[in-house]
Every structure is written in C-alpha cells, then in structure tokens.
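Student: Encoded as structure tokens, here's the structure I'll be asking about.
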Amino acid sequence: MKQITLGKTGITVPQNAFGALPIQRVSKEMAVKLLRRAYEGGMRFFDTARAYSDSEEKVGAAFDGMRDKVFIATKTGAKTPEEFWNHLETSLRNLRTDYVDLYQFHCADQCYRPGDGTGMYECMLEAKRQGKIRHIGITAHKLYIAEEIVESGLYETLQYPFSYLSSEREKQLVENCKKADMGFIAMKALAGGLINRSEAAMAFISQYDQVLPIWGIQKEKELEEWLGCMEETPGMTEEIRAFIEKEQQELTGEFCRGCGYCMPCPAGIQINQCARMSLMLRRAPSAAWLTPEMQAEMRKIEGCLECGQCMKKCPYELNTPELLKKNYEDYKRVLAGEVKVQ
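Heads up: the sequence shown begins at 1 in full-length UniProt numbering, then just goes up one per residue.
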C-alpha cells in the first residue's frame with residue numbers, strides 16, 4: 001500500500017486510516033481490541049472527536065504508553081475561545097497525551113480567520129505555540145465553505161466527504177488541496193453505507209496520492225477487510241470502473257448520507273435511516289428494512305411537524321421533509337408489492 005503525506009503537515013502514513021466515530025457504540029474492551037489490531041495490521045492514523053461521546057477515551061486507552069507510534073487527530077465543535085480550551089484540555093485528558101497531532105474545527109459552518117472577531121483561529125495558533133497541538137485542520141460538509149477554506153491558505157488539512165459518488169466540483173476541490181499543499185482527509189468514503197463494495201471504494205481512493213480515507217469501523221470483520229488492503233491494495237480495473245459508473249448513475253442527485261446531524265427529531269423520526277430508505281431497500285437485502293419495527297419507524301413520518309429543524313441542521317442543505325415523504329411513499333409501495341426489491 002502506498003504511503004501518503006498530508007500536505008505541509010509532513011504526516012506520512014499508509015493510505016488506510018481508522019475513523020473512530022463508530023467505536024462509541026461498542027464496549028471499551030472491544031474498542032481497544034479493534035484499535036490495537038488496526039495498529040498491528042499497519043494503520044497509523046486514528047481520527048476521533050470530542051463530539052463522539054467516549055471515543056476519545058477508548059483511543060487513549062488503546063494507545064497509552066505508545067503515543068509516539070501513532071498519529072491521533074481529534075476535533076472541537078467549540079464556538080467560543082472558552083469552549084475551545086475546555087474541549088482541548090478534555091481531549092488531552094481523554095487521550096492520555098500532552099499533544100494532539102492534528103486538531104480540527106469540527107463541521108465548520110464558516111472559515112475561521114485571524115481577526116474575524118471570533119478569536120477561534122487565534123486559539124489554534126496559541127495551542128500550537130504551547131505545543132498542545134502539532135497541526136491545524138478543519139472539517140466541513142458544505143462545498144462552498146470547503147472551497148473558501150482551501151482558498152484561505154490558513155489550514156494544513158481539510159476533512160470533507162469524498163467517494164466515487166462525489167461530483168466533479170468535489171474532485172476539483174481535492175485537486176485544489178493538492179496544489180495548495182494541503183492534506184485531504186476523506187470522510188464518508190462509503191457514502192454513509194450506500195457504498196457496499198469496499199474493493200471499489202479503495203480502488204477509487206487509491207487513484208489520489210494525497211487523499212487519506214478514514215474508514216468508520218466498529219466490527220472485527222470490517223477491520224479485517226480494510227487491513228486486507230495493506231498487502232494487496234485494490235487497483236482500478238475496467239470491471240471496477242464500469243461498476244462505479246453504474247453506481248454513479250443510480251446514486252446521483254440529492255440523497256441522505258445518514259450522518260445524523262439532523263437528529264434528534266422532535267417527532268421522533270429516525271431521519272438518518274428513514275430519509276434514505278428507498279436506496280437502502282435496493283442496495284441490501286430488503287427483509288431487514290421491512291420488519292414490523294422498521295414499519296413502525298417509517299409510520300412516524302406521518303407525524304412530521306414540518307418544523308424545519310432538520311433542514312437547518314443538514315450539512316448538505318437537503319430538503320429533508322420532502323425526502324422523508326418521498327421515501328415513505330416508496331416504502332408503502334414496496335410493502336404493497338407494487339415495487340419489487342431484492
């Protein structure tokens with residue numbers, strides 16, 4: 001597997017990294033086991049966040065005593081300098097370390113700049129001066145904000161959703177990062193679970209020599225699949241290229257990535273599943289999505305309050321209520337046998 005360097009940070013690691021959001025859903029024992037196995041298998045970059053409940057604590061437990069052998073990235077969703085320092089100190093304590101390799105503004109809705117009145121970028125500079133962070137990064141979900149971030153030249157890395165479903169404009173964003181010597185960390189390289197062929201996902205990413213994918217992992221089987229790429233990395237073939245083209249035709253346009261930033265819903269709707277039900281029914285065995293429990297979840301859409309909270313929170317600026325309605329109508333047709341799924 002190729003080694004990639006995250007721009008001017010100089011951080012050089014295999015093009016295969018661990019996204020630690022999902023380990024908040026497993027026991028500490030299992031999380032530590034997964035993280036250490038990932039290290040043994042060759043992964044060296046581990047990405048977490050203050051917002052991922054106990055994920056930082058589990059990463060800290062896994063790498064206690066071997067801090068110099070891994071690169072750890074975490075994030076802050078702070079909106080004020082006071083909150084920034086509180087988050088950073090909490091993260092350092094959780095991670096059992098005195099420094100973070102890469103500290104990132106999380107899901108930024110603006111490009112923080114020196115002198116913008118928020119004091120946030122100044123906090124990053126001071127934390128770096130104190131040696132508590134090594135490099136300054138930022139994550140974004142909105143393309144126009146990501147483009148502004150790259151143009152600013154203020155950040156050493158950008159973390160942004162990137163997969164073979166990405167648009168030409170998003171691919172250009174990656175190229176612009178390369179020109180700016182800015183590291184690019186690919187989140188949601190499986191498009192929130194819609195991409196279900198890891199070989200194709202890895203083959204696509206491996207075409208970019210400066211993109212680092214962070215795979216969200218919470219099961220041993222998932223981890224072993226990605227570790228299998230370390231010795232034999234899937235390359236782009238005509239068969240995979242044709243497969244990707246077919247996928248792109250089926251999955252273009254507006255669709256829910258299942259990130260969950262719109263949650264919780266005041267009406268109790270499980271938005272991150274219900275708003276993409278049509279796609280899931282057609283991309284996985286449908287039985288799991290047609291259970292009485294899931295039917296009850298889908299019926300909650302009838303009680304949508306039209307409050308618009310989900311739209312305001314959606315990082316992709318989707319018309320979520322409309323998506324929910326369309327998915328529910330399709331779901332009812334599937335239940336009635338009017339539409340066949342696998």
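Just so you know, even glycine gets a beta-carbon here, dropped at the ideal spot from N, CA and C. Predicted model, so just to flag it, every value in this text is computed and none were measured.
In whole angstroms, what is the alpha-carbon distance linking Ile217 and Ala191?
Tutor: Walking along the sequence shown from the start, residue 217 turns up at place 217. Walking along the sequence shown from the start, residue 191 turns up at place 191. Rounded to the nearest angstrom, the two C-alpha atoms are 14 Å apart.
Student: Got a sec? Which residues, its chain only, sit under 7 Å from Cys304 by beta carbon, not counting five neighbours each side?
Tutor: Within the sequence shown, numbered from 1, the residue matching residue 304 stands at position 304. Within the same chain, Cys304 has close Cβ partners Ala267, Ile269, Pro321, Leu324.
Student: Helix, strand or coil for Phe255 per DSSP?
Tutor: Working through the sequence shown from its first residue, we reach residue 255 at position 255. If DSSP states are grouped into helix, strand and coil, Phe255 belongs with coil.
Student: Helix, strand or coil for Lys178, going by three-state DSSP, please let me know.
Tutor: Indexing the sequence shown from 1 puts residue 178 at position 178. Here Lys178 sits in helix by DSSP.
Student: Look at the alpha carbon of Asn16 and the alpha carbon of Glu302, and state the distance between them as a whole number of angstroms.
Tutor: Here residue 16 refers to the residue found at position 16 of the sequence shown. Here residue 302 refers to the residue found at position 302 of the sequence shown. Answer to the nearest angstrom: the Cα atoms are 42 Å apart.
Student: If you check the beta carbons only, do Ala189 and Ala200 fall under 8 Å apart?
Tutor: Residue numbering aside, residue 189 sits at position 189 when the sequence shown is read from its first letter. Residue numbering aside, residue 200 sits at position 200 when the sequence shown is read from its first letter. No; because the gap between Cβ atoms is not below 8 Å, this pair is not in contact.
Student: Which first and last residues belong to the beta strand (DSSP E) in which Trp289 is found?
Tutor: For the purposes of this step, residue 289 is taken as the residue at position 289 of the sequence shown. Looking at the DSSP string, Trp289 is not in any beta strand (DSSP E), and its letter there is neither H nor E.
Student: Taking only three categories from DSSP, how would you classify Gly19?
Tutor: Within the sequence shown, residue 19 is the residue found at index 19, counting from 1. If DSSP states are grouped into helix, strand and coil, Gly19 belongs with the strands.
Student: How far does the beta strand (DSSP E) with Arg37 in it extend, from its first residue to its last?
Tutor: Looking up residue 37 in the sequence shown gives position 37. Segment 28 to 40 is the alpha helix (DSSP H) holding Arg37; no beta strand (DSSP E) there.
Student: Output needed for Cys177: all residues of its chain with C-beta closer than 8 Å, excluding positions within five of it in sequence on either side, in chain order.
Tutor: Stepping through the sequence shown from its first residue, residue 177 is reached at position 177. Counting only Cβ-Cβ distances below 8 Å, and skipping sequence neighbours, we find Gly7, Val150, Leu158, Gly183, Phe184, Gln210.
Student: Taking only runs of the beta strand (DSSP E) that begin and end inside the stretch 193 to 224, which ones reach a length of at least 3 residues, in chain order?
Tutor: Taking only runs of at least 3 residues, the beta strand (DSSP E) segments lying wholly in the stretch 193 to 224 are 211 to 216.
Student: So for Leu102, helix, strand or coil by DSSP?
Tutor: In the sequence shown, residue 102 corresponds to position 102, counting from 1. In this structure, Leu102 counts as strand in the three-state DSSP scheme.
Student: Candidates Asp47, Lys221, Glu245: which alpha carbon is nearest Asp101's?
Tutor: Position 101 of the sequence shown holds residue 101. For Asp101, the nearest C-alpha among the options comes from Asp47.
Student: What are the partner residues of Ile11, as DSSP defines its beta bridges?
Tutor: Translated into positions along the sequence shown, residue 11 becomes position 11. For Ile11, which the question treats as bridged, DSSP gives no partner whatsoever.
Student: Can you say whether Arg169 is buried or exposed, counting buried as having 16 or more other CB atoms within 10 angstroms of its CB?
Tutor: Residue numbering aside, residue 169 sits at position 169 when the sequence shown is read from its first letter. Result: exposed.
Student: So what does DSSP say about Asp68, is it helix, strand or coil?
Tutor: In the sequence shown, counting from the first residue as 1, residue 68 sits at position 68. Helix, per DSSP.
Student: Quick one: any contact between the stretch 122 to 133 and the stretch 72 to 92, if contact means 3 or more CB pairs under 8 Å?
Tutor: Taking 8 Å as the limit for Cβ pairs, the verdict is that the stretch 72 to 92 does touch the stretch 122 to 133.
Student: Do the stretch 225 to 245 and the stretch 45 to 65 meet, that is, are 3 or more Cβ pairs less than 8 Å apart?
Tutor: Touching, no, given that fewer than three Cβ pairs across the two stretches are closer than 8 Å.
Student: Quick one, which of Gln172, Thr291, Thr90 has its alpha-carbon nearest Gly77's?
Tutor: For the purposes of this step, residue 77 is identified with residue 77 of the sequence shown, where counting begins at 1. Nearest C-alpha to Gly77: Thr90.
Student: On the criterion of 16 or more Cβ atoms from any shown chain inside 10 Å, does Ala20 qualify as buried, or is it exposed?
Tutor: Along the sequence shown, read from residue 1 onward, the residue named residue 20 stands at position 20. Looking at its Cβ environment, which holds 16 or more other Cβ atoms inside 10 Å, Ala20 is buried.
Student: Can you check whether the CB of Phe204 is closer than 8 Å to the CB of Ile244?
Tutor: Residue mapping note: residue 244 aligns to position 244 of the sequence shown, counting from 1. Residue mapping note: residue 204 aligns to position 204 of the sequence shown, counting from 1. Yes, the pair counts as a contact, with Cβ atoms nearer than the cut-off.
Student: Of the residues Tyr331, Glu225, Pro315, Lys332, which one's Cα is nearest the Cα of residue 343?
Tutor: The chain is shown from 1 up to 342; residue 343 falls before or after that span and cannot be answered.
Student: Since Met43 contacts Phe18 with CB under 8 Å, what's their CB separation in whole angstroms?
Tutor: Numbered from its first residue, the sequence shown carries residue 43 at position 43. Numbered from its first residue, the sequence shown carries residue 18 at position 18. Right, the Cβ-Cβ distance comes to about 5 Å (below 8 Å), so this counts as a contact.
Student: Under DSSP, the alpha helix (DSSP H) around Gln273 begins and ends at which residues?
Tutor: By 1-based counting over the sequence shown, the position of residue 273 is 273. Element bounds for Gln273: 271 to 274.
Student: Could you check which residue in Asp68, Glu329, Gly193 has the C-alpha nearest to that of Phe45?
Tutor: Numbered from 1 along the sequence shown, position 45 holds the residue referred to as residue 45. Of Asp68, Glu329, Gly193, the residue nearest in Cα terms is Asp68.
Student: If you measure between the beta carbons of Leu212 and Leu34, is that distance less than 8 Å?
Tutor: Against the sequence shown, residue 212 aligns to sequence position 212. Against the sequence shown, residue 34 aligns to sequence position 34. For Leu212 and Leu34, no; Cβs fall outside 8 Å.
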